[in-house]
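Here's the structure we're looking at; comments come further down.
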Amino acid sequence: MSKADTQKMLSEAGIDASKVSVLDKGEMVKTEGEFWPNVFGAVIGGGSAAWGYLGSLGNRPMSWGHLGTVTAVGAVRGGLNPIRTGVQAATAFGLGTAGGFATGRW
Numbered sequence: 036m037s038k039a040d041t042q043k044m045l046s047e048a049g050i051d052a053s054k055v056s057v058l059d060k061g062e063m064v065k066t067e068g069e070f071w072p073n074v075f076g077a078v079i080g081g082g083s084a085a086w087g088y089l090g091s092l093g094n095r096p097m098s099w100g101h102l103g104t105v106t107a108v109g110a111v112r113g114g115l116n117p118i119r120t121g122v123q124a125a126t127a128f129g130l131g132t133a134g135g136f137a138t139g140r141w
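Numbering-wise, the sequence shown is residues 36 to 141 according to the working numbering.
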């Protein structure tokens with residue numbers, strides 16, 4: 036894609052091309068692989084949310100729809116904020132485990 040094509044695309048979208056920055060090669064190398072914390076956050080968020088949901092059910096039947104929704108929301112939240120997800124995952128995992136044992140589900 037040429038510079039002219041890029042500027043045309045930005046102007047068609049109503050974006051001021053002078054306010055757009057481009058990463059140079061050094062910055063590209065520096066940021067390679069920076070998405071892995073978000074991937075791990077998504078996996079941990081989804082897994083701990085599912086575990087927390089299953090543990091909180093007690094003797095009630097599980098709903099696949101609710102399980103999928105809880106897991107998806109946990110994964111999205113975990114991917115967006117992996118640091119905070121670690122704390123939330125520990126809480127959800129702990130509460131799910133405690134709830135599961137307290138109700139005899141586990």
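Backbone N, C-alpha and C fix where the C-beta goes; we use that ideal spot for every residue, glycine too.
Per DSSP, reduced to three states, the secondary structure at Asp40 is helical. In the three-state reduction of the DSSP assignment, Pro96 falls in the coil class.
When the beta-carbon positions are compared, Ala85 and Gly113 stay at least 8 Å from each other.
In chain order, Ala124, Ala127 and Phe128 place their CB closer than 6 Å to the CB of Ser83, counting only its own chain and leaving out the 5 sequence neighbours on each side. Thr138 carries a coil assignment under DSSP once its states are collapsed to helix, strand and coil.
Looking from the CA of Val111, the closest CA among Ile50, Lys60, Leu45 and Asn73 belongs to Asn73.
Cβ-Cβ distances below 8 Å link Leu130 to Gly87, Gly90 and Ser91 in the same chain, with the five nearest sequence neighbours on each side left out; the list follows chain order. Val55 is positioned such that its CB atom lies closer than 8 Å to that of Leu45. Residue burial annotation: Thr66 is exposed, with fewer than 16 other C-beta atoms found within 10 angstroms of its C-beta.
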